Structure formats: structure tokens, C-alpha cells
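Peer 1: Here's a structure for you.
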Amino acid sequence: MASTPKILKERREYNTWVANETFEDYSLRYTPKSFRKWSELLVANTALGGISFLALEAIGGSLVINYGFFNTFWAISLVSSIIFLAGIPISYYAAKYNIDMDLLTRGAGFGYIGSTITSLIYASFTFIFFALEAAIMAQALNLYVNLPLPWGYLLCSLIIIPMVFYGVTFINKLQLWTQPLWLILMVTPYLFVLHREPDVFARWIEFGGKAASESGFNPLLFGTAATVSFSLIAQLGEQVDYLRFLPDRTPQNRYRWWLAAMAAGPGWVVLGWAKQIGGAFLAFLALEHGISMTQAKEPVYMYLAGFEDVFSRPETVLAVVTLFVVVSQIKINVTNAYAGSLAWSNFFSRLTHNHPGRVVWLIFNVAISLLLMELGVFETLEAVLGLYSNVAIAWVGALVADLVINKPLGWSPSYIEFKRAHLYNINPVGFGATIIASLVAIVAFVGTWGDYAQAYSPFIALGLAVVLSPLLAKLTQGRFYIARVNPYQSQIEATSLIASLDDRLTGAVRTLDNRDLIDCCLCDNAYEPQDMAHCPVYDGPICSLCCSLDSRCHDRCKPAIEWGEFPLLQPLQKTFHSKIAPHLDRKVLRFLGAFTLVASITGLLFVVVAYLGLKELPPRSPQLDEGLLTVFVALYAPLLVILGIASWWYVLSEESRELAEEELAEQNQQLAQEIQDRQLAQKALEELTETLEQRVKERTEELLQALNTLKETQAQLVQTEKMSGLGQLVAGVAHEINNPVNFIYGNLVHADEYIGDLLGFIQLYEQNCPLDDPEVAQRRDEIELDFIAGDIVKILGSMRVGAERIREIVSSLRNFSRLDESEVKPVDLHEGIESTLTILGNRLKAKSDRPEVKIIRNYGALPQVLCHAGSINQVFMNIVVNALDALEERDRQRTVEEVYAQPSQIRISTELDGEVVRVRIEDNGLGIPEHLRSQVFDPFFTTKPIGKGTGLGMSICYQIVVDKHGGRLFYQPSADGGAGFVIELPHQTQTLSK
15 MASTPKILKE RREYNTWVAN ETFEDYSLRY TPKSFRKWSE LLVANTALGG
65 ISFLALEAIG GSLVINYGFF NTFWAISLVS SIIFLAGIPI SYYAAKYNID
115 MDLLTRGAGF GYIGSTITSL IYASFTFIFF ALEAAIMAQA LNLYVNLPLP
165 WGYLLCSLII IPMVFYGVTF INKLQLWTQP LWLILMVTPY LFVLHREPDV
215 FARWIEFGGK AASESGFNPL LFGTAATVSF SLIAQLGEQV DYLRFLPDRT
265 PQNRYRWWLA AMAAGPGWVV LGWAKQIGGA FLAFLALEHG ISMTQAKEPV
315 YMYLAGFEDV FSRPETVLAV VTLFVVVSQI KINVTNAYAG SLAWSNFFSR
365 LTHNHPGRVV WLIFNVAISL LLMELGVFET LEAVLGLYSN VAIAWVGALV
415 ADLVINKPLG WSPSYIEFKR AHLYNINPVG FGATIIASLV AIVAFVGTWG
465 DYAQAYSPFI ALGLAVVLSP LLAKLTQGRF YIARVNPYQS QIEATSLIAS
515 LDDRLTGAVR TLDNRDLIDC CLCDNAYEPQ DMAHCPVYDG PICSLCCSLD
565 SRCHDRCKPA IEWGEFPLLQ PLQKTFHSKI APHLDRKVLR FLGAFTLVAS
615 ITGLLFVVVA YLGLKELPPR SPQLDEGLLT VFVALYAPLL VILGIASWWY
665 VLSEESRELA EEELAEQNQQ LAQEIQDRQL AQKALEELTE TLEQRVKERT
715 EELLQALNTL KETQAQLVQT EKMSGLGQLV AGVAHEINNP VNFIYGNLVH
765 ADEYIGDLLG FIQLYEQNCP LDDPEVAQRR DEIELDFIAG DIVKILGSMR
815 VGAERIREIV SSLRNFSRLD ESEVKPVDLH EGIESTLTIL GNRLKAKSDR
865 PEVKIIRNYG ALPQVLCHAG SINQVFMNIV VNALDALEER DRQRTVEEVY
915 AQPSQIRIST ELDGEVVRVR IEDNGLGIPE HLRSQVFDPF FTTKPIGKGT
965 GLGMSICYQI VVDKHGGRLF YQPSADGGAG FVIELPHQTQ TLSK
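Reading the sequence shown from the start, the letters are residues 15 to 1008 in our numbering.
Here is the structure:
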């Protein structure tokens, strides 16, 4: 297939009535899941609220008066059964795919343009019954307040418009609020009549009507009555317009879903049957009460007769009947107006490629109904409905046949495709079956083939439609259903299958970019995949509304139909191409088609008007009939000339428009190509610029990283040199102090012995050689020999303790520096920890403003660990010093009482866990904020004030433990909220970094 020419995209803007879905109610498209927010029972209640229309009683009353009880009862019963059966598949598919009657018809055998005629049929039903219902309400107002009928028609039409503005959102509430009152008022007269006039039922059953001498079965009257009742079959469309708002069917709601779909779909006709039979009864009751046959057909007089058995005062009866009629007619006419706005929206959007909004067509539908009321539609009720029913039943019959025969047999797709992008304009299956069945039935209805064919014309339409639809589907092999495959269909079917198993598994169709919605390339709005198609002309996803309204693509996304595919048409195609086509101009063919269509429709209107008008006239002479026929032909002939001129003007204007569009499209293509070339050049330039910028950025990052590494290395070298110098200084000081201290400590023993001997000798001398010399005695007292003898021993003890303390400090300094030992050797970590605590002993002591920092030791049994002893001691020193700094900073922010109440503590725990030695150092301070913990081991990062720390201590510790010893160092908050660091070293390290 050749590549599809592209069209420049122009963003489509919708007016506020179209953009506001509270007004619009997705009138031309699939109803998305996000909008279907009502429960199953509420939707069913709203749909069933529409059966309040009193035209049902009017039909039943008209039939029983004209054809008698027996024929009316069985005609209504048979037709209601057929409508019920037809409604089952229609309601199921509409509720399953969440689409209205028009969209369902498109995908069930009629095609995109072919369903236009069914939209017209459906729209006709809505404005005909709107006119009937509003006329009934106007009659009630005329009786109650003497409002003239023309003004009553206008009032009863206008009050419906604002109610339907807000679509199903308001209609839901209206039907819910009015349903109880309507049911009570509808049932009450029957109960009271049954109680007060029980004999009337027996007389009603024997009633033969005005045209029958007996009350038995008459085939002609039965068929004629069924023809009128068949007109109600289009009510299924109004039910479907609400059923599309049902939520998705899931395992959890399947019973409620089926109940709502069947009760509000085909189930409406059960109550419809009861109301028609009830209308037949009330019409007979009105005759019994002395009301004329003409008025007895009108629902207002029917219920006046019924409520006379409920209330005794006539004014009360009239007030209650007026209330009941107004409530009933408002309930049904909001549905008629709503359904009509949908039908006209679908009809005109396809013909004009324009959609001003559902609200516009709401007003249009009400205006047509008002015109029919002013023309007196109620007087020709039976004739209008009889003619309409032939077309409606043909449409519904073809639709049902496709759903229940063609789809199960595989002659049509198993799903409903409603988007223009995937449908042929005309599908001969449903469209052809409807046209043929309608024409045959109408010919029979006007009496061409006798009385019986006239009486049973809707049955002829139904039978032909049901037979022709599968026959045409088989002959065409389903070729006209799908023009091209929907790329989103597999996703939609898969999601539907999963949701049917468990609705928790999926909420909606997921697109390739993992989104629930797809953006339309024209209007930029996002819709669910069920409402989207891929447009090769605009080269992007497009929503169904934008696709329907586009007038520039000319369906170039769909392949042309090759009629040579069908063996039956091959001879005709060869004859046409060889003998006819060379002699025909394109303009002539289009003119003939347009003129034939317009002339046929106009002629059909003339026939219908003539039939309806002449039918009501009394019997006439043949000469008069021929004269009237001559008048109609005389009027029709000049009108054909005008229609021909208009058709030719239309063809020429269309050809001019197409030539202008082609020229504009060619210029747009050239402009688009130039734009594309410039965009490619700009893109290449941007890519080159981006590449250069990326290279510069990468090189800058490399240089910055090298600079940071250099700074870090330099700082580490400085710190290492500092620590090395400090270690050498400490070792030198310790060495220099060690000899004098050993000399002093060693001589203290001898000094203690000598002084003891001297004191013993003095004591012995004094005992054996007493001195009486006054000078010696005086000197002895001056020096306090007894005190010296006792105190010198204490002095020697203190000197011994001090010397031992100096030796311990020197030993700790030597142990901490480890300069006199090999670099890697098995060491006792507890000894290194204690050395660190000894060096920091001055900072641990109590001070005037705080108690001592308590060291809690929880040592486990540790083996000696092969490590760099000096480096590991440096890690202990850094962590403990940081803990002391944090505790002192915390204490400066507290009062003295708080400090003594909760003194500072450092907890040191060790343990052996398999092959890992673990040291945990914790404090009870404020800890490190969570957002800073990841930076603790970064070079130059510090939480201390400026000048208090370099930010290298923990970084060096990390390198010592992790890089140098192959262990782990990480932050772990203490149980009481303070800071904590865990050091993990392997017990037997095979290789150590040098």
C-alpha cells in the first residue's frame, strides 16, 4: 500500500459547550470509565424513569377503541415480547462497550455514513414522542388553568431545555426524586376502580371497539394494532443512551450489572406493556363515564375517569390529574430531548463535519417537536406511528440479526468498532437490509399488496431485515465491517479479559508509555484507548470526535474497496469500466447521485404527506383522486427542476472546494517539506552544539574531579604528616621522659629503705641515748621531727604514685604511637581503646559545670586482630574526640541542672561475630540529622563551627578501615538517639593495603 500523504496539524479548539462534558455527556464517543461514576441501580432507575410517558396509555386507548380488547391485548403482548427479545442483545452490547445507539449501529453492520439514516430514524422517534407527550401536558394545563393550547405547547417545550442542559447528571437526580410520586399516582386509580367498580373489568374484556360487531379475534385488526405498537421499539435507543453509563462488569458486581442491564434495557417493555394495557382499560372506563371516543383516547381524560373513583370533588380530581400528567411528561420528555440531542449530534457531525455541541441540537430537537404540536400531530397519531414503525422495526431487526447471528457465526467482528478511522462509510449488510426491508414494508403499508400485507407490514419488515442481514454478511464475507485494524484493539481486549477475571488486576488499558490515557494530536486532550485511533494522515493518535469532524483527510487512511473481489460483481465491474465509465464525467456521476437522492427523498415526503392527508378524508370518487394526484405531480415536477439546479450547483461548488483543497494541500506539503528540512538542519546544529557542550561539560567535570582529588590527597597528606609528626613527637617525648622517670621510680625504692633506716636509727638513738642538750631539743621541736617522720613516708608514697602515673602515660603514648613496633602485627584492640581513653582522661574528668563523662565498657572476648595498630588507634581517637566535642556542644545548650540530671555518656562495645570483630562507639548526645548522615565520610564535610574542624577526620578513618583493612565503617544511631559508629574488621586479614 502506498504511503499516506500527510496533512499539517492544526490544533482543534472546541467551544465551552463541547469541552464541558457535564453538558456534552460524550455524545459522539465512547463513555470513559472516569465519567461513569454512578451505581448500577441508579443508572437503571434513571433509564426506567423514561417509561413514564403517557403516549403508552394513549396508544393502548386508541387501539382498544379502534380494534377492541381482544385484538389490542394480543397485539400489544406479541409486540412487547418481540421488543423484549430484541432488547437483550442491544442492551448487552451497549452496556458492555459503553456506547450509545448510534455508535452501536455503526459497528453492527451499517458503517460510518450508513448509520446516519438510523440516526435520523431515531431522532424522528424522539421528536415525535416529545411532541405527543408535550401535547398531553398542554391539554392538562388547558383543562386546569385554561392555558391556550398553542401557548401550552410552547411552555411545555421550553421548560424541558434547561433540565437537559446538564445531561445525565441532572436527569439522574430528577428521576430519583420523582419516581415514588409518579408510581403512587399511576397505580392509585387502578386500585380504587378495582375496589369501587369491579364489574367494569368484565365489560372491558368483552369490548369490541367501534369498528367491530364482536369482541373476538380479527387478523386484520390484530395486525393493524401491532403495527402501531411496533413504533415503540425505538424506545430501546433511549434506554441504551443511559445504559452506556453503567460501570464495567466485574466478578464483584456481575449480578448487579446484569440486573441493571436487563431491567433497564429490555425490561422497560414489561412496564410498557402494563401501561398500554392500562391505557386501554382507562379509555374504556372513560367511555363508561360518558366521555366521547375522541377524548377517551387522550390520557388526560383517561386519568380523569380513573381518579373520579379516588376523589369526590371534581376540582381535586383535576388538580391531581394535572400534577400526575406534568410529572410524567417531564420525566419522559427530558429523556426524549436528551436522546434526540444525541441522535442529531451524530447525524449532523457526519454530514457537516461540524459539532457546535449537544445543547444546540437539544434546542433543534425541541423546536421540531414544537412545530409538530402546532400542526396537530396528536390528531394523526395512529397513521404517523404506523408509518414510522415499519422503518424502525427494519432498523432494529437488522441490528439484532447482526448481534445474535452474524457475530456468533464469525461473519462480523466479535467486537463493536464505532470510530470513523476503522469503518467503511457504507456497510451493505445492515444498511442494505434496513433499506430493502423498509421500502418493502412501506409499500405494503400503503396498501399496494392488499389489506393483509398492509396490516402485517412491520412483520414483513422484521422478517426481511432478520433474513437479509446474515445473507448479505455471508455474501460479502464480512468485507465491509472493518476498513483497517485498530492498533489499540489488542490492548483493549486483553485488559477486558483480565478485568473479567479480577478487576483488581487492572484499572484501565495501559499504553506503551505506561499511561492510562492517550493524547489526541489535534485537540491535545487525553482520552482512553477505546476512544482513540491512529491517524496516518496526521501521523499521530486522534480521538474519535476529532476524527469525525475532520474534513480535510477525505478518508485517505482507509483502503479503497476493490469490487472485483466479489465474483458476482466482476462481470458488472468489467462492463462498467469498459463501456460506461469512459463516457461518463465525474461531475455527471456526482450530479446524478445527488439529484437522485434529493428527488427520492422529496418524492417520499410527498407520498407520505399525501397518504396521511388523504387517509383522513371521507370516501371520494375516482375522478377526485385522479385530480389530487395530478395536483401533486404538477407541484412535484417544477420542484424537480429546482432540485436539479440546486444539485448541479452543489456538485460544482464541491468540485471547486476540492480543487482549492488539493492546491492548498500541495502548497502545505511543500511548506511542510521546507519546514522539515529546516528542522532537520536545526536539529543537526542543535545536536552538534549539544555534543560540544557535553564534551566541554565532561572535560570540566574531569578537571573538577581531578582538582578535588588533588585537594583531598593534599589534605590527607598534610593530615598524615601531622599525625606522623605528632606520633614521632609523642614517641620522642615518651622516650626522653621514660629514662628519668625510670631513674626516679627505681631510686624511690632505695630512698624509701634509706629513709626508713634513718628514721629507725633516730628512734633507736633517742631511746638509748637521751639528750638533755637544750639546743638539740629546741632544734628538734623547730623541725617537728615527729611530723617529718610520719609525713616523709607519705611523701615517698605520693612520689611513687606519681611516678607510676607518669610511667602509665608514657606507656600509653608509646602504645598509641606504636613507632617502636612493626607496622602490621596482631594486637589487642582493647589495649588500643584503653590507651585512647587514658590520653583523653583530662577531657573525661569532672569540671565545675558538669560531672565526669561516664565511660560504659561492654567488652566481649576478642582475639588479637592483625592490623595497623597506630592507624586503628587513630580511628578510635577521632571517633571518641568527635563524641566528646558533640557532648560538650550539647551541654553548652543545657542548664547545669539538666546536665547533672542527664550526664554525658560514651558507650564502647566489642564483640566477635564469626570472622568479624565489631567495635561500636556510641554517645547519648543529639546525634546526626538524617539528611546529613550520607555526607559523614565525605572529605571536608564537618558539622562543627568554622575553625573547629577540617572535615578530614572521618574521611581518613573511613579510608583506614575500609581501604586499608578491608573492613566496614558506618553510622548507626544509638538506642537513645545519640550518634554511633560501628567499626567492623576481619579477624584474619590475608592482604592489607600498603
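Glycine included, C-beta positions come from ideal geometry on N, C-alpha and C. None of these values were measured; they are calculated from a predicted model.
Please list the terminal residues of the continuous beta strand (DSSP E) segment that includes R947.
Peer 2: Within the sequence shown, numbered from 1, the residue matching residue 947 stands at position 933. Unbroken run through R947: none, as it is neither H nor E.
Peer 1: Sort G371, L296, Y106 and A108 by Cα distance to M200 and report the nearest one.
Peer 2: In the sequence shown, the residue the question calls residue 200 occupies position 186. Of the listed residues, the one whose Cα sits closest to M200 is L296.
Peer 1: Measuring only the C-alpha atoms, how far is R832 from F801?
Peer 2: Working through the sequence shown from its first residue, we reach residue 832 at position 818. Working through the sequence shown from its first residue, we reach residue 801 at position 787. Confidence in R832 is poor, its pLDDT being 49 and thus under 50, which makes the residue's placement unreliable; the coordinate value appears in the next sentence. Roughly 46 Å separates the two Cα atoms.
Peer 1: Could you please give me the residues that DSSP links to K868 through a beta bridge?
Peer 2: As a first step, residue 868 must be located in the sequence shown, where it is residue number 854. Per DSSP, Q919.
Peer 1: Leaving out five residues on either side along the sequence, give the residues of the same chain with a beta carbon under 8 Å from the beta carbon of V418.
Peer 2: Stepping through the sequence shown from its first residue, residue 418 is reached at position 404. Excluding sequence neighbours, V418 sits near P103.
Peer 1: Could you give the distance in angstroms between the alpha-carbon of G64 and the alpha-carbon of I346?
Peer 2: Against the sequence shown, residue 64 aligns to sequence position 50. Against the sequence shown, residue 346 aligns to sequence position 332. Cα to Cα, the separation comes out at about 5 Å.
Peer 1: Alpha carbon to alpha carbon, how far is E542 from V930? Give it in angstroms, no decimals.
Peer 2: Here residue 930 refers to the residue found at position 916 when the sequence shown is read from its first residue. Here residue 542 refers to the residue found at position 528 when the sequence shown is read from its first residue. V930 and E542: Cα-Cα distance of roughly 58 Å.
Peer 1: CB-CB under 8 Å to K224, same chain, minus the five flanking residues each way: which ones, in chain order?
Peer 2: What you label residue 224 is simply residue 210 of the sequence shown in a count that begins at 1. Taken in chain order, the residues that qualify are I79, N80 and M307.
Peer 1: Does the Cβ-Cβ distance between A109 and R217 come in under 8 Å?
Peer 2: Within the sequence shown, the letter at position 95 stands for residue 109. Within the sequence shown, the letter at position 203 stands for residue 217. Their beta carbons are not under 8 Å apart, which means A109 does not touch R217 by this criterion.
Peer 1: When the Cα atoms are used, what is the spatial distance from E789 to Y914?
Peer 2: To locate residue 789, count along the sequence shown from 1; it is residue 775. To locate residue 914, count along the sequence shown from 1; it is residue 900. Whole-angstrom Cα-Cα distance: 59 Å.
Peer 1: Kindly list the residues whose CB is nearer than 7 Å to the CB of F459, restricted to its own chain and excluding five residues on each side of it in sequence; keep chain order.
Peer 2: One-based indexing of the sequence shown puts residue 459 at position 445. If we look at F459 and ignore the five residues flanking it on each side, its Cβ neighbours are G400, L401, N404, Q468 and S471.
Peer 1: A239 and T86: beta carbons closer than 8 Å?
Peer 2: Indexing the sequence shown from 1 puts residue 239 at position 225. Indexing the sequence shown from 1 puts residue 86 at position 72. Going by C-beta atoms, A239 is nearer than 8 Å to T86.
Peer 1: In whole angstroms, what is the alpha-carbon distance linking D927 and L702?
Peer 2: As a working note, residue 927 is residue 913 in the sequence shown. As a working note, residue 702 is residue 688 in the sequence shown. Going by the C-alpha atoms only, they are around 57 Å apart.
Peer 1: Within the same chain, show all residues whose beta-carbon is closer than 8 Å to that of M813, passing over the 5 residues directly before and after it, in chain order.
Peer 2: Indexing the sequence shown from 1 puts residue 813 at position 799. Within the same chain, M813 has close Cβ partners I758 and L762.
Peer 1: How far does the alpha helix (DSSP H) with A574 in it extend, from its first residue to its last?
Peer 2: Here residue 574 refers to the residue found at position 560 of the sequence shown. Note, A574: premise wrong, no alpha helix (DSSP H); not H, not E.
Peer 1: Indicate whether the contact test is met: 3 or more Cβ pairs, each with one atom in the segment 429 to 446 and one in the segment 369 to 377, closer than 8 Å.
Peer 2: Because the criterion of three Cβ pairs below 8 Å is not met, the segment 429 to 446 and the segment 369 to 377 do not touch.
Peer 1: Just confirm the distance between the C-beta atoms of Q266 and L70, as a whole number of angstroms; I'd bet it's less than 8 Å.
Peer 2: Here residue 266 is taken as the residue at index 252 of the sequence shown, counted from 1. Here residue 70 is taken as the residue at index 56 of the sequence shown, counted from 1. Not quite, the Cβ-Cβ distance comes to about 36 Å (not below 8 Å), so this is no contact.
Peer 1: Under a three-way DSSP split, which group does C881 fall into?
Peer 2: One-based indexing of the sequence shown puts residue 881 at position 867. Strand.
Peer 1: Identify, in the order they occur along the chain, each residue of the same chain with its Cβ nearer than 7 Å to the Cβ of I430, setting aside the five sequence neighbours on each side.
Peer 2: By one-based count along the sequence shown, residue 430 stands at place 416. Answer for I430: Y107, Y111, I113, L118, G121 and A122, listed in chain order.
Peer 1: What residue from L706, L197, G82 and V182 has the CA that sits closest to L356's CA?
Peer 2: By one-based count along the sequence shown, residue 356 stands at place 342. The candidate whose alpha carbon is nearest that of L356 is V182.
Peer 1: So R932 and E998 are in contact, right, with Cβ under 8 Å, and what is the actual spacing, rounded?
Peer 2: Mapped onto the sequence shown, residue 932 falls at position 918. Mapped onto the sequence shown, residue 998 falls at position 984. That pair is a contact at about 5 Å.
Peer 1: Taking the beta strand (DSSP E) that F244 belongs to, which residues open and close that run?
Peer 2: Counting from one through the sequence shown, the residue named residue 244 turns up at place 230. Premise fails: F244 is in no beta strand (DSSP E) and is neither H nor E.
Peer 1: Quick check on DSSP: helix, strand or coil for V454?
Peer 2: Counting from one through the sequence shown, the residue named residue 454 turns up at place 440. V454: helix per DSSP, three-state reduction.
Peer 1: Kindly indicate which residue of D842, I922, N887 and A455 has the alpha-carbon position closest to the one of N872.
Peer 2: Against the sequence shown, residue 872 aligns to sequence position 858. If we check each option's Cα against that of N872, I922 comes out closest.
Peer 1: Roughly how many whole angstroms lie between the Cα atoms of L898 and L724?
Peer 2: Residue 898 sits at position 884 when you count from the first residue of the sequence shown. Residue 724 sits at position 710 when you count from the first residue of the sequence shown. Approximately 31 Å, taken between the alpha carbons.
Peer 1: Sort out for me which residues DSSP pairs P1000 with in a bridge.
Peer 2: Reading the sequence shown from its first residue, position 986 is the one you call residue 1000. According to DSSP, which records beta bridges pairwise, P1000 is partnered with V930.
Peer 1: Would you mind working out which of Q309, A288 and F984 sits nearest D952, comparing C-alpha positions?
Peer 2: Within the sequence shown, numbered from 1, the residue matching residue 952 stands at position 938. For the residues Q309, A288 and F984, the minimum Cα distance to D952 belongs to F984.
Peer 1: Got a sec, what are the start and stop residues for the alpha helix (DSSP H) K110 sits in?
Peer 2: Walking along the sequence shown from the start, residue 110 turns up at place 96. A69 to Y111 is the extent of the alpha helix (DSSP H) around K110.
Peer 1: Are there 16 or more other CB atoms within 10 angstroms of the CB of E252, so buried, or fewer, so exposed?
Peer 2: As a working note, residue 252 is residue 238 in the sequence shown. The residue in question, E252, is buried, as its Cβ has 16 or more Cβ neighbours within 10 Å.
Peer 1: In terms of alpha-carbon separation, which member of N938, S565, R908 and R934 lies closest to H369?
Peer 2: As a first step, residue 369 must be located in the sequence shown, where it is residue number 355. Among N938, S565, R908 and R934, the Cα nearest to that of H369 belongs to S565.
Peer 1: What is the DSSP secondary structure of G994, reduced to helix, strand or coil?
Peer 2: Position 980 of the sequence shown holds residue 994. The answer is strand: DSSP assigns G994 an E or B state.
Peer 1: Counting only the same chain and skipping the five closest in sequence on each side, list residues whose C-beta sits under 8 Å from that of S91.
Peer 2: Start at 1 with the first residue of the sequence shown, and residue 91 comes out as number 77. Contacts found: W287.
Peer 1: Note the first and the last residue of the continuous beta strand (DSSP E) segment covering Y557.
Peer 2: Working through the sequence shown from its first residue, we reach residue 557 at position 543. Checking the displayed sequence, the identity of residue 557 turns out to be Cys instead of Tyr. Note, C557: beta strand (DSSP E), G554 to C557.
Peer 1: Could you say which of S558, F221 and Y495 lies nearest to R364 if we only look at CA atoms?
Peer 2: As a working mapping, residue 364 is identified with position 350 in the sequence shown. Nearest C-alpha to R364: S558.
Peer 1: For F325 versus V334, is the C-beta spacing smaller than 8 Å?
Peer 2: Numbered from 1 along the sequence shown, position 311 holds the residue referred to as residue 325. Numbered from 1 along the sequence shown, position 320 holds the residue referred to as residue 334. For F325 and V334, yes; Cβs fall inside 8 Å.
Peer 1: DSSP state of Y256, grouped into three classes?
Peer 2: Position 242 of the sequence shown holds residue 256. Helix.
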